[in-house]
Amino acid sequence: MFKEVEQKSPALLASLPPYHFSKIIDIVVREKHKSIGGELVNRLHRASDILELMRKLQVRPNYAILLTALYIYGRMQDFSAVNSVFAEIQQREFSDMNRMTLARMCQACILCGQESRGQEYFSQLLHIDRSTRSYNLLIISYSLNNDEMGMLRSLERMLNDRFTPDASSISALCRLYRHRGDPGTVHNHLRVFKDNGGVLTLGMYVILMQMANSLGNYKDVIKYHKEMQAKGIETTSSVLSEILIACAYLDDVNAMWSAYKDYVASGLNLTKAMRFALCQSIGSLATDSSGLSEVIVVAATRNIDLRHMYEQLVRGYVLLGDAESVKVILRQMKVGVKRLRLKEYAHVVWAYVNAGDAESALAYVLDIERRNHSQSPELWFAVLVAVVQFSPESVKKIVDHIQNNFPNVSMDEMWDRVKKQIKGSRELRSGFDEYI
1 MFKEVEQKSP ALLASLPPYH FSKIIDIVVR EKHKSIGGEL VNRLHRASDI
51 LELMRKLQVR PNYAILLTAL YIYGRMQDFS AVNSVFAEIQ QREFSDMNRM
101 TLARMCQACI LCGQESRGQE YFSQLLHIDR STRSYNLLII SYSLNNDEMG
151 MLRSLERMLN DRFTPDASSI SALCRLYRHR GDPGTVHNHL RVFKDNGGVL
201 TLGMYVILMQ MANSLGNYKD VIKYHKEMQA KGIETTSSVL SEILIACAYL
251 DDVNAMWSAY KDYVASGLNL TKAMRFALCQ SIGSLATDSS GLSEVIVVAA
301 TRNIDLRHMY EQLVRGYVLL GDAESVKVIL RQMKVGVKRL RLKEYAHVVW
351 AYVNAGDAES ALAYVLDIER RNHSQSPELW FAVLVAVVQF SPESVKKIVD
401 HIQNNFPNVS MDEMWDRVKK QIKGSRELRS GFDEYI
């Protein structure tokens, strides 16, 4: 509802109390609802848009929002915005020397490459909270920057100050080495941790599962889950995500759909890795209709929302670049409704983009607009992304079409979006970044 009001009558939001803005921003950043999708980078930009809306509406942020803003701008590496938020904290006489403010400034500065400033805030933090928790904050801050040496220096300082690394410290190190594809180092850290009396936590098991899936050791994921169950460790959505992926590649269809049902019950959308694995397990719907029949039967027998399944599968087949399978699902989604929104057809275009087929993307958009008697700049944005990458000789023609048919669209803004999209597409091919 917030998004609808924001688009149609943003001025009405001027009367919304800061507390509610705080809750909405928190939901966006932490992806607490299935309506909030995308990778963290996209959620951070969405949250920053809400902060900018508050500024335009002259809604004064409360202290909680300002703390969250420090995190958002730190992760976005916008040091100027970080300084502006901190200045507001000081000007409005919120405490700039309490633990939360110092912790957020320490992390934001390190994320923005301002290490010396970050270390200054950390030293001030130690005067207030000289604990393992504070050292873990420093270690995690460096881990978010993929800064191995910064993490190791922080760990050494922690040990020199006679603090023992705990599960959070070791988990931060293991996450870094997992992302770097170094399973040996992960296992070494966990072995030493256990040898010193440490007990594997939920977070550590998730790291082990993620690593096993990335290496194709799918049976290990199931083994780790059984260990967790024996220890009474909760099966969270993060665990279910890895189980679904493993079962999809093990062709354990019943377990895959069980994990799917339990996962969506949490109110979250599937991750891109989950969608990718699920669609690979089902196979192309364009060449084999049995996959679609299976989906329909599963939804009916397991009492799963079929339309939500379709929405997840559409995005999965987009990732695979399988435009024909996307069309099959869209035809099913059209049953019972007068007309699909043009936004839905954009999925087909993005599938062509991911397949590197600019010619088919353009032909499809022209056909859709002819049949629907309406145009959408979002469809042409997708086409522009396609031709820039795969048919550069067509760029001028597409730009001319956009300018002639959508005079209110800023080409400068669209070019900025194209650049971000292409960068994201490259990350997609290496690590499932968002496509739209």
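Under the UniProt record's numbering, think of the first position of the sequence shown as 1, with each following residue one higher.
Where a beta carbon is used, it is the ideal one built from N, C-alpha and C, also for glycine.
- Between the segment 280-287 and the segment 311-329 there are three or more inter-stretch CB-CB distances shorter than 8 Å, so the stretches are counted as touching.
- In this structure, the straight-line span from the alpha carbon of N217 to that of D252 is close to 14 Å.
- Distance from the CA of A64 to the CA of L40, rounded to the nearest whole angstrom, comes to 20 Å.
- Excluding its 5 nearest sequence neighbours in each direction, T236 has C-beta neighbours in its own chain below 7 Å: L202, listed in chain order.
- The DSSP-derived three-state label of Q58 is coil.
- The residue among S214, P18, P17, R46 with its C-alpha nearest the C-alpha of E31 is R46.
- For R331, the enclosing alpha helix (DSSP H) begins and ends at 323-334.
- Counted as a single uninterrupted DSSP element, the alpha helix (DSSP H) harbouring H225 occupies residues 218-231.
- In terms of Cβ geometry, G74 and Q107 form a close pair [threshold 7 Å].
- Your pair R315 and K261 does not check out as a contact, with CB atoms roughly 18 Å apart and the cut at 8 Å.
- The three-state reading of DSSP puts L384 in helix, counting H, G and I together.
- Sorting M151, S48, L379 by C-alpha distance to the C-alpha of Y135 places M151 at the top.
- Per DSSP, the unbroken alpha helix (DSSP H) holding N83 starts and ends at 79-91.
- By the beta-carbon neighbour count (other beta carbons within 10 angstroms, threshold 16), A14 is exposed.
- Within the same chain, Cβ atoms closer than 7 Å to the Cβ of V383 are found at V349, A361, L362, V365, I398, the five residues on either side in sequence being excluded.
- The residues Y310, L313, V314, in chain order, have a CB closer than 6 Å to that of I329 in the same chain once the five nearest residues on each side in sequence are set aside.
- Taking the Cα positions, D220 is about 19 Å away from S171.
- With fewer than 16 other Cβ atoms inside 10 Å of its own Cβ, H127 counts as exposed.
- As for any alpha helix (DSSP H) of minimum length 4 sitting wholly inside the segment 112-172, the runs are 115-128, 132-144, 148-160, ordered along the chain.
- S376 is positioned such that its CB atom lies closer than 7 Å to that of L342.
- Between V418 and V385, the gap from beta carbon to beta carbon is short of 7 Å.
- The beta carbons of L111 and N145 sit closer together than 7 Å.
- Comparing alpha-carbon positions, the option among K396, M204, W257, L319 lying closest to A299 turns out to be W257.
- Note on T68: 16 or more other CB atoms within 10 angstroms of its CB, so buried under the neighbour-count rule.
- Contact between the segment 270-278 and the segment 230-249 is present, with at least three C-beta pairs closer than 8 Å.
- For Q375, there is no enclosing alpha helix (DSSP H), as DSSP marks it with neither H nor E.
- Within its own chain, no residue has a Cβ closer than 7 Å to the Cβ of R157 once the five positions on either side in sequence are excluded.
- Annotation for G181: no alpha helix (DSSP H) segment contains it, and DSSP assigns it neither H nor E.
- With 16 or more other CB atoms across the displayed protein chains lying within 10 angstroms of its CB, A346 is buried.
- Within the segment 383-418, the complete alpha helix (DSSP H) runs of at least 4 residues fall at 395-405.
- If the five residues before and after Q124 are omitted, its C-beta is found closer than 8 Å to the C-beta atoms of M97, L102, all from its own chain and listed in chain order.
- Listed in chain order, the non-local C-beta contacts of R133 below 6 Å within the same chain number zero, local neighbours out to five positions each way being set aside.
- The beta carbon of A212 sits closer than 6 Å to those of D220, V221, all from its chain and outside the five residues before and after it, given in chain order.
- Just measuring C-alpha positions, the residue of V335, S168, K226, L320 sitting nearest G356 is L320.
- Looking at A259, A265, S289, the one whose alpha-carbon comes closest to that of A277 is A259.
- Within the model, the alpha-carbon separation for A358 versus V387 is close to 5 Å.
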